[in-house]
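Student: Residue numbers (the working numbering), protein chains in the order written: chain Y, 1 to 433; chain X, 1 to 433; chain U, 1 to 433; chain S, 1 to 433. Glycine is no exception: its CB is placed at the ideal position from the N, C-alpha and C atoms. Computed from a predicted model, the values in this text were never measured in an experiment. Questions regarding the structure given below will be posed in turn.
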C-alpha cells in the first residue's frame, strides 16, 4: 500500500503570525493577517483548495481570493489613484454577496472554478499585498478604516477556511488529516457545572464604537438591556455529558425538540453531533487531525442550535440570552483561551480553570439575530456587511478554537441558521432564578 | 353560459353568533364558538371543504374535525367517564402536531381524505357537542380550563379556515367568491401617518395569567421590558402607499431587502402582495368576495415579513418591536375594530378615527418569536401548544378582519414564518427617536 | 362508532351499458359510452370526484369534463353551426395536453378546482350530449369520425377514472371501498405455465386502417415484422408466483434489475406490488372493494415495467416483444375475458381455460413505445393524440379488468413509463428458442 | 492583467499513440491505450482533474483511476497470483456501478475526493501497468480477453474524460481552453443533403462475435432485421442548417417536439445546442479550444435526442433506425473520418467527400436501446457492462471527434438518455420511401 504523504505539523511560524493585534502599526497588522491565511492554506493541494463540499461552504481558494478582492475593491480601486486591477474578470468570481458591487458567480458553482489555480491566486494576493502595503502610509482615514475592516473580515474567512476544509475532508471516504497532531495526554474530567448567579437589572451591552477598538456594525450601538434574575453555567457542555444525552434517547424523544428541530432530525436522520461515528461500539469524531477517539472531557462541538436547545430542554434548563452572556463575559480577558494560534491542534480542549468565556467553541444563545435598538447599516456596499442577514439566524458568542486570537471580544455577535453545525459550535447552559 | 349559483351573502346569524364572549356562561360560550364554525363552513361544498391547496393550509373539513378532536380527546376522553369515542380511527386523521398523542396523518396528505364527508364531520361535531354540553355542569376545574382553551383554539382555526379557503379559491382559475359583497362606497383617503412618541423606560408586558382573563401560555409570564425612546405609527400602511413602493421599484432593489427576503423574491418571482394582479393596467386584489379593484385607502394585506421589512427600509424607518407595540396598544379596547363579525365583508377597511391597534390586519413586528423570560410550557400534550414553534418565526400583533371579535388582546402573540402571507397580514411602522 | 354509508354494489345497469359496440348505430354507441361514465362516477361524492392524488392521476370530475370538452371542441365547435359553448372559461380547465388548443390549467393543479361542482359537470355533460345527439344525423363524415374517436377516447378515460379513484382511496388511511364485492369463492390454482412456440419468420402486425374497424393512429400502419424463434407463456404470472419472487429476495438483489429500476427500488423503498401490504404476516391487497387477502391464483397486478423485467430475469426468461405478443394474440377473440363490464368486481381473476390474451391485466412488453414504420400523426390538434408520447415509455398489450369490453383489440398499444404501476398492469413471460 | 498560462497545443506524441490497433501485439495495444489516457490528462491541473461538474460527468482523475481499477480487479486480482493491491481502500472509490463488486462511493460525491491527488493516481497507473505488462505473456486466455475488454473500456472513458472536461470548463465563467487551436481556414459550405435509397428487405446486423474482432456484448448476437423501403442522408446536419431551425422558431413551436422534449425545453429554458451563445448578435460555441465563432459548415453537435427528433420533425422527415444506419454504414471503413487522433483540434469538421458514417459526431437514431434478439449478458461482475442500462435510453451510432480511432465500428451501439447532450452528439436524417 502506498504511503500517502504524511500530514504536516501545524506550522510553528503561524503561531507567531497569529497575534497580529500585538503589533502597533497597521502595516504589521496587515502583513500578519495576510500571512496567516497563506500559512493555513500551506498544506492544501490545488484540488483541496478548489472543491466546494456544500453550498454553505466555499473553496479555500475562494476564501483566499475573496478577502483579497475586498482590499482590492474597497481600498485600492476606490482610494488609490493609478492602481492597476489584477484581472478585470475576477471580481465576478470573488465577490460574495455585495449586491451593490454587481453580478456575482452563483454561490453553488464556486467549486467549478479550477482556473485560476491556487498558485495564481497566491500571485493575486502578492500583487494586492504589494500595492496595499505601499499605499498604506498615504491612505486617507476612511480608507485606513476599510483596511482595518478588511483585516477583521479576513480573520472571519480564516475560520471559515479551516471549517470548510474540515467539512470537505470529512466527505472523503479516506478521511485525510490536514495536520498531524501529537498523541493525546489523558486529562481529568471537569467537575460538575457551577452556576454564576445574576440578580437582574439594567446592564449596558453592545459595542460603543470607540475609535481604538474595532467592532462590526452589528455589535452596536451600545445600549441598555434589562436582565431578569438568572444563573449562567461556568463552563460549556462536554462530550461525555452529550454522550449521556444520546444514551438517554435524546435524539429520539420529540418532547425535547423545537418543532423545526424535530423535522430536521427526522429528515436528515440526525442522531449525534456532526463528524461523530461509532467505531466498534465507541464514539469517535473526525477532526483536522483525522478520526480519533472522542475525548469525554472536551467541550462538545459541531452541534446545531436545534441540538443545543434540545439538550438544554432535556437538562431542564435553557440557553442564555446574548445579553446574559455578554454581561457574564464582560469581566474576562477575550485573549485568553484556546484559539487558532495555540500550540496544540485546532480542536476544543478540556479546561481546568474555568469560568472562561472565550475560545474552544462558539456558544449558541437563545437570541435570534436581530438589530440592536438604534442600529443603522453603514452606507454603500460595505454596509451590506451584517444587517441584511438579520432574519432566521441565532446569535453565537465567544469565539472558537478556529478563531484567530484577538478576533474575539465580549460584544462579538456571530450568527448561523439553527440547523448549521459545521462550525465549532457548542453549548453553555443558563437558568432562571 | 350557465350561471354559477351566486355566492351567498355573509350569514346574518353568524354576526350574532360571533360575539360569544358577551355571554356569561361557559355553555353559551361553547355553543357560540361551535356554531360560528358551522356558519363559516355553510357556503362550502363537500369538495371545497376537502381540498388542501398547499402544505401550509388545511382543508376546512379538517379544521372542523380537528377542533372537535381537541374537545373529544382532552376533555371527553380524559375527563368524562363512559364517553364513547365517535370513531376510533379518526384521531389518526385529525390530530395536528401533538407528538404525545401518537402518530398522525402526514400534514401534506390531509387533502386526500375525501371520506369522511363534510356531512359526516358535521355529525361528528354534533356527537361531541352533545356530550360536551351535557358534561359541562359537572366537569372538574382542570377540564373546564381545557374547554376554555378549546374555544380559543377553535377561534384560531376559524381564522385559518377562512384564509385557507381564500387561498384555495385563489388557486381556481375561475376565482369563485365565497360570499357576495355589497358595492363599495368610495371613501376618503386617510391622511399622512401620525407618530405616537414614547420616551422609553421599563414597562410591563405579557399576560399576568389572572383567572378571569384567558391567554395562551406563550403570552406570559408578565414581565418587565426596557423600551428606548421611539415613535410608532398611528395607523397601518395602505394599499395606495404600497402601490407607490411598487412603482418606485421596491421589489427590484436589493438594498431594501434582507438577504433571505431577496432570495425569496427572486426564487418566487414576487412583485406584489399575494392576490394582487394587474388587470388592464390597474391593480386588483382577490378576496372572499372575488376579484375586485384595489381600494387605495384600505390597509395593505397579504404581505410577508420580508416585504414588511423591505417597505420599512424603503421608507427609512423600521418595524416596531413587540414590546413597543404592546405598550402602545395597552390603552385601547381590543374589541373595537374590524373583526370577523362585522356587518361588512371580511377584508381590511379604511379607517378614519385612528389610532386603533386591533382588527383589520395582523401587524408584523420586528421581534422573533421566542419565549418570554420565565416561560415554561404546560405539562403534557396540551403543552405542545406554542413553545415548540419558537424558532424561525416572527411575532404579529393585533388581530385581523378574519379574527373573531373577543379573540384579540394586547398581549396576544401570533407568529408566522417570514415568507408566509396567506393570512391577513399588514404593516405598522416605527422609528427611533 | 358511526357506520359509514356502506359501499354500493357495482351498478347492474352499468353492466348492460358496457357493451356499447353491440349496438349498430352511432347514436346508441355515443349514448352507451356517455352513460357508462356517469354510472362509474355514481358512487362518488363531490369531494371524491375533485381531489387529485398524484400528478399522474386526474380527478374523476376532470375525466368527466375533459371527455365532454373533446366532443364540444372538436365536433360541436368545429362542425355544428350555432352551437352555444357551455362555458367559455372551461376549455382552459379541461383541455389536457393539446398545445394547439391553447393554454391549459397546469396538470398538477387539477385538484384545486372545487368549482364547478360534480353536479355542474353533470349538467355540462347533459348540455353537450343533447347537442351532440341532435347533431349526429347531419354531421359530415369527418365529424362522425371524430365522434367515434371521442367514444374511444372516453373509454380510455373510463379506465383512468377507475384506477385514479383506486389510487385516491388508497391514500386515505381509512381505505374506503368504492364498490362492495361478494365474498370470494376459493378457486383452484392454475397449473404451471405452458409455452406457445413460434418458429419465427415475417408476420404482419399493426392495424390496417379499414373503415369499419376503429384504431388509434399509433396502431398503424399495418406492416411486416420479423420474428425470431421463440415461445410465449399461455397465461400471466400469478400473485402466488410473485410472492415466491419476493420470498426469494427478488426486491433485494440488484442482479435482476435494470439500473434505472434498481435506483427506483432504492429511492422509493419498493418491496412489493403497489397496494400490497402485510397484515399479521399475510399479504393483502387494496382494491376497489377495499383491503382483502391476496388471491394467490389471480394474476399479479400493479407492477411496474421494472418489476416485470426483474421478475422475468429472476425466472431466467424475458418479456415478449409487442410483435411476438400481437402474433400470438391475433387468433383470439378480444371480447372474451375479464373486462370492466363483467358481473363481478373490477379486479384480475384466476383463469382456468387459457390461453387468453385479453382482459384482466395490461401486459408489459419489452418494446419501447416508438412509431411504426411509416407512421404519420394526423394533422391538427387531434394529431397530438399519441405520437408525441413516443419516448421513454413501454408498450402494454391486452386490456385489463378496468377496460370497457370492446375497447381492446390485438393491435392496441397502451403505453406507460417504466416506473408507473397504478394501472392494472401485469406480466406475461416469453423466451428465445 | 496577468497572463494565464497559454493553453498547450494538442500533444503530437498523442497522435502517434492514438492508433493502437495498428500494432499487432497485446503489449503494444495496452501500452498505447494507457499512454493515450495520460496524454489526454497532461494539460490538466490537480484541480481540473478532481472537480465533478454534474452528476452525469466524472472527474478526470476518477476516469484515470477507474480504468486502472478495472485491470487491477478483473485481471490482476482474479488472475495473477501474488499481485499486491495498490491500496485496499481505493476500490470503494473507483468502482463505478458494478453492484457485484460491493459498495461504491456515491456517484454524485466523486468530486469530493481531493486526495489521492492526480499524481498519486498516476502512480497507481504506473503500479498497475507494470504488473499488467509483466503478467501479459503468461495470462490465461480468459484473462487476455479481459485485458482486451479493459482496453476498449478505457477508450470509452477517454471520450468521457474529454467531454467531461469540456463540460467543466464551460462551467467556469472564464471559459478556459484545454488546447490551443490554429486559426480556422474558412471552408466551402457542403451542398444539399443527398439521399441514399434502400429498397427494404431482410438484412443482417449486429456483431457476430468472431474471435479476432472485439465487440461489446450488447452489439450481438448478429441477427436478421427487416428494413422497409427508405432513404438515409449522406451527411449530418450542419450548424448553418441548425441556425435556420432556430431562426424559424424551432425551439418555440411545440408541434415539432415530443411531449417529454417540450417539457424539457420549457423547464430548462433550452433555445440552442449546448455551449452555443449569441455574442454581439452572432452565434458562438464553446469548445476545447475556448469560445469561437460558429462554423456554419461543420456538423451541429451537443444536441439532445429531443432536439434531433424535433429538427427531423421540422424538416418533415425522421431519424434513421439503428438497423437502417448499420445497413447503410456497413460498406464504409470505420477507421476513416475525424477521430480524436486527427492532427487538428477535437471538434466536428466540415466534410467534402461524403457519404461517411464514422467520426465527427455520434448520430442519434430513433431506436430505443433494448436488447437484440437472443442477447444474454456475460456472467459475473463484467456482465453488468451494458445490459442493465437497457431502458429509457436511445442508440447513437458512428463515433465522434472525441472517439479514439479504431474504437468505432458499424455494429457499435452507444446510448444516452434523450435529454443528454454533453457528448459530441449530432443528427443524420432519414425518410420513408
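By the DSSP assignment, the alpha helix (DSSP H) with residue 104 (chain X) in it spans what residues?
Tutor: Per DSSP, residue 104 (chain X) belongs to no alpha helix (DSSP H) and is neither H nor E.
Student: Write down the C-beta distance between residue 369 (chain Y) and residue 339 (chain Y) rounded to the nearest angstrom, noting that I regard them as a contact closer than 8 Å.
Tutor: Their Cβ separation, rounded to whole angstroms, is 23 Å, which puts residue 369 (chain Y) and residue 339 (chain Y) out of contact at 8 Å.
Student: Measure the alpha-carbon distance for residue 255 (chain X) versus residue 100 (chain Y) and round it to whole angstroms.
Tutor: 8 Å
Student: Less than 6 Å between C-beta atoms, sequence neighbours within five positions excluded: which residues of the same chain meet that for residue 329 (chain U)?
Tutor: 357 and 410
Student: Roughly how many angstroms separate the alpha carbons of residue 442 (chain S) and residue 345 (chain S), rounded to a whole number?
Tutor: Because chain S spans 1 through 433 in this model, residue 442 (chain S) falls outside it and cannot be assessed.
Student: Taking only runs that begin and end inside the region 197-225 of chain U, name each unbroken beta strand (DSSP E) of 3 or more residues, in chain order.
Tutor: 201-205
Student: Which residues in the same chain as residue 260 (chain U) place their Cβ atom closer than 6 Å to its Cβ, once the five residues preceding and following it in sequence are excluded?
Tutor: none
Student: Report the start-end ranges of each beta strand (DSSP E) in the region 293-371 of chain Y that is 3 residues or longer and not cut off at the edges.
Tutor: 362-368
Student: Give the single residue among X:109, X:68 and X:154 whose Cα lies nearest to the Cα of residue 55 (chain X).
Tutor: X:109
Student: For residue 177 (chain U) and chain X, any beta-carbon pair shorter than 8 Å?
Tutor: no
Student: Scan the region 220-254 of chain X for residues whose Cβ lies nearer than 7 Å to a Cβ of chain Y and list them as they occur along the chain.
Tutor: 223, 224, 225, 226, 228 and 254
Student: Output yes if chain X places a C-beta closer than 8 Å to the C-beta of residue 378 (chain Y); else output no.
Tutor: By this cut-off, residue 378 (chain Y) is not an interface position.
Student: Cβ closer than 7 Å: which chain Y residues qualify as neighbours of residue 161 (chain S)?
Tutor: Chain Y residues near residue 161 (chain S): none, gap ~14 Å exceeds 7 Å.
Student: Residue 171 (chain U) to residue 92 (chain X), Cα distance in whole Å?
Tutor: 14 Å
Student: Once DSSP output is grouped into helix, strand and coil, what is the label at residue 156 (chain S)?
Tutor: helix
Student: Roughly how many angstroms separate the alpha carbons of residue 23 (chain S) and residue 76 (chain S), rounded to a whole number?
Tutor: Note that residue 23 (chain S) scores a pLDDT of 36, beneath 50, so its modelled location is shaky; the value from the coordinates is reported in the next line. Distance between the alpha carbons of residue 23 (chain S) and residue 76 (chain S) is about 23 Å.
Student: Give the single residue among Y:337, Y:431, Y:375 and Y:87 whose Cα lies nearest to the Cα of residue 407 (chain Y).
Tutor: Here the closest residue by C-alpha is Y:337.
Student: Throw me the rounded Cβ distance for the residue 152 (chain Y) and residue 432 (chain Y) pair, which I believe falls under 8 Å.
Tutor: Between residue 432 (chain Y) and residue 152 (chain Y) the Cβ distance is about 35 Å, and since that is not below 8 Å, they are no contact.
Student: Is there at least one Cβ from chain S nearer than 8 Å to residue 316 (chain U)'s Cβ?
Tutor: False, the Cβ-Cβ gap to chain S never drops below 8 Å.
Student: Verify the CB distance criterion: does residue 76 (chain X) have a CB-CB separation below 8 Å to chain U?
Tutor: no
Student: Could you compute how far the alpha carbon of residue 67 (chain X) sits from the alpha carbon of residue 150 (chain X)?
Tutor: 7 Å
Student: Give me the chain Y residues within the contact set of residue 258 (chain X), using Cβ-Cβ distance strictly less than 9 Å, ordered along the chain.
Tutor: 387, 388, 389, 390, 391 and 392
Student: Counting only beta-carbon separations shorter than 8 Å, does residue 451 (chain Y) have a partner in chain X?
Tutor: Within the shown structure, residues of chain Y are numbered from 1 to 433, placing residue 451 (chain Y) beyond reach of any answer.
Student: With distances taken from CA atoms, which of X:210, X:177, X:112 and X:139 is nearest residue 167 (chain U)?
Tutor: Comparing Cα-Cα distances from residue 167 (chain U) to each of X:210, X:177, X:112 and X:139, the minimum goes to X:112.
Student: List, in order along the chain, the chain S residues whose C-beta lies closer than 8 Å to that of residue 434 (chain U)?
Tutor: Coverage of chain U is limited to positions 1 through 433, which leaves residue 434 (chain U) absent and any answer about it impossible.
Student: Does chain Y have any CB closer than 8 Å to the CB of residue 80 (chain S)?
Tutor: no
Student: Can you tell me whether residue 343 (chain Y) is buried or exposed, with buried defined as 16 or more other CB within 10 angstroms of its CB?
Tutor: exposed
Student: Report the residues of the region 104-120 of chain U with a CB closer than 8 Å to any CB of chain X, ordered along the chain.
Tutor: Within the region 104-120 of chain U, the residues whose Cβ lies closer than 8 Å to some Cβ of chain X are 105, 109, 111, 112, 113, 114, 115, 116, 117, 118 and 120, listed in chain order.
Student: Between residue 427 (chain U) and residue 364 (chain U), how many whole angstroms is the CB-CB distance? I'm expecting something under 8 Å.
Tutor: The pair is a contact, with the Cβ atoms about 6 Å apart (cut-off 8 Å).
Student: For residue 212 (chain U), count the other beta carbons within 10 Å of its own beta carbon; 16 or more makes it buried, fewer makes it exposed. Which is it?
Tutor: exposed
Student: Using a Cβ-Cβ distance under 8 Å, would residue 21 (chain X) count as near chain Y?
Tutor: Unreliable placement is indicated for residue 21 (chain X), whose pLDDT of 42 sits below 50; no coordinate value is reported for it.
Student: Can you round the beta-carbon distance between residue 327 (chain Y) and residue 128 (chain Y) to whole angstroms, since I take them to be within the 8 Å contact cut?
Tutor: Not a contact, Cβ separation roughly 41 Å.
Student: Check whether the region 221-229 of chain X and the region 391-398 of chain X are in contact - that is, three or more C-beta pairs closer than 8 Å.
Tutor: no
Student: Go ahead and pull the three-state DSSP assignment for residue 248 (chain X).
Tutor: The answer is coil: DSSP assigns residue 248 (chain X) none of H, G, I, E or B.
Student: Compile a chain-ordered list of the residues in the region 43-65 of chain Y whose CB is closer than 7 Å to at least one CB of chain S.
Tutor: 45, 46, 47, 48, 50, 51 and 53
Student: Reducing DSSP to helix, strand and coil, say where residue 235 (chain S) ends up.
Tutor: Assigned with DSSP and collapsed to three states, residue 235 (chain S) falls in coil, not helix or strand.
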